[in-house]
Amino acid sequence: MTPPDTHSAGSEPEALEDPRDTLVTEFDRQSDAAGVTISVLTVLRGPEPGREYSLEGPTHIIGRDLEAQVSVADPGLSRHHARISRTAHGDYLRDLESTNGTLVNGEKIETVHVLEEGDRIQLGRSTVLRYSRRDRLEQRAAEELYERSVRDPLTHLYNRRYLDDRLPSELAYAKRHGEHLTVLLLDLDHFKRINDRFGHQRGDQVLREVARRLQQTVRLEDVVARYGGEEFAIVALGIDELGARTFAERLRGTIGGAPIEDEHGALEVTVSIGLADSVVTGETKARALFAAADAALYEAKRKGRNRVEVAHGPER
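For the sequence shown, our numbering assigns the number 516 to the initial residue and increments by one for each residue that follows.
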């Protein structure tokens with residue numbers, strides 16, 4: 516579970532100053548749903564650039580919290596950093612007493628700001644969002660294009676590009692809070708034999724089933740990606756070395772514990788796993804932490820496959 520942020524907002528700020536600015540009514544929501552435009556936040560800079568958030572409810576919390584309506588994986592954000600309230604007179608942005616502040620078009624906001632088309636919202640030091648109004652049909656198309664850009668088309672897991680973008684921010688957050696960050700690399704054993712013997716179509720079925728089992732085993736906050744070919748990666752925050760090893764063994768059992776069955780029969784599939792913990796290895800760079808997990812994976816395959824190997828720090 517993501518650890519609490521000690522710098523997040525305290526009590527909920529007071530209501531909007533203007534009593535006419537009541538939150539969007541049921542009529543407003545129905546009108547919005549029926550037609551022309553909706554409010555949209557687009558990530559210009561920060562984690563997941565290009566991602567878009569549709570603002571369709573009356574209030575939206577922006578922050579690091581996984582439960583926030585606009586959840587941004589930036590270590591410089593408070594858990595509840597800012598709030599957008601939709602009213603009959605416009606969309607209002609308020610900073611929620613965040614540690615690093617909220618700016619609009621370069622100016623720090625002290626109370627509330629009525630958002631206008633094209634406004635650039637800076638949260639903390641590094642995340643910038645653009646506010647706009649957009650036709651609902653166009654917005655759905657934009658969201659679909661973004662999903663296609665970060666998802667593997669076969670397994671629907673995140674792809675390598677997404678993982679490479681996300682890992683540095685997760686490591687920065689772990690360092691800031693003194694947490695463990697674990698990278699697990701999983702490689703299906705002798706997968707080439709499956710493709711050679713049964714064909715690539717059946718190999719694809721195996722990959723889809725492995726992806727499904729992984730998604731059923733990990734936590735909601737874990738990042739799961741197909742890194743390439745028969746190799747998968749998982750990034751998990753807040754698990755110590757013993758817990759991470761237990762987690763890896765559970766993943767190994769989930770994949771290899773039961774055959775993968777389809778209309779052609781059953782296939783036994785096993786997996787080798789390399790694990791690197793940021794605290795144990797002492798790695799402070801995302802690329803180095805990933806390389807440590809990759810070296811541990813190589814060791815697992817060298818020792819006979821179907822096993823978990825853990826990367827250790829230099830003192831060991």
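Note that the Cβ used here is the ideal one computed from N, Cα and C, for glycine as well.
Backbone secondary structure at residue 737 - three-state DSSP: coil
Segment contact, 8 Å Cβ cut-off, at least three pairs: the segment 761-768 with the segment 676-696: no
Endpoints, the beta strand (DSSP E) within which residue 597 is located: From DSSP, the beta strand (DSSP E) with residue 597 extends over 597-602.
Where the beta strand (DSSP E) through residue 649 begins and ends: 642-650
Inter-residue Cα distance where the pair is residue 640 and residue 591: The straight-line gap from Cα to Cα measures roughly 7 Å.
DSSP bridge partner residues for residue 747 (one or two, in chain order): 701, 741
Coil, strand or helix - residue 811 by DSSP: helix
Alpha-carbon spacing of residue 563 relative to residue 678, whole angstroms: 10 Å
Three-state class that DSSP yields for residue 664 in the structure shown: DSSP places residue 664 within a helical segment (H, G or I) once states are collapsed to three.
Exposed unless 16 or more other CB atoms sit within 10 angstroms - verdict on residue 817: With fewer than 16 other Cβ atoms within 10 Å, it is exposed.
Contact under 9 Å by Cβ, residue 747 with residue 782: no
Validate contact between the segment 612-619 and the segment 648-666 using beta carbons, cut 8 Å, 3 pairs: Contact between the segment 612-619 and the segment 648-666 is absent, because fewer than three Cβ pairs lie under 8 Å.
Residue 635, enclosing beta strand (DSSP E) - first and last residue: 635-638
Environment of residue 811 [buried if 16+ CB atoms lie within 10 Å]: buried
Delimiting residues of the beta strand (DSSP E) encompassing residue 792: It spans 786-792 - the beta strand (DSSP E) in which residue 792 sits, taken as one unbroken run.
Buried versus exposed, by CB contacts within 10 Å (16 or more), residue 715: exposed
Nearest to residue 703 (by Cα), restricted to the options 675, 723, 556: 723
Same chain only: Cβ atoms within 8 Å of residue 756, ignoring 5 sequence neighbours per side: 695, 792, 794, 795, 825
C-alpha distance - residue 768 paired with residue 633, whole-angstrom precision: 50 Å
Of the residues 672, 797, 771, the one placed nearest residue 456, counting alpha carbons only: Any property of residue 456 remains undetermined from this structure, which presents the chain solely from 516 to 831.
Residues of its chain near residue 719, where Cβ-Cβ distance is below 8 Å and the 5 sequence neighbours each way are ignored: 669
Close-in-space but distant-in-sequence residues of the same chain around residue 706 (CB under 6 Å, 5 per side omitted): So the list reads 745, once near-sequence residues are dropped.
Cβ distance (whole Å) where residue 725 is taken to contact residue 784 below 8 Å: Sure, about 7 Å apart at Cβ, within 8 Å.
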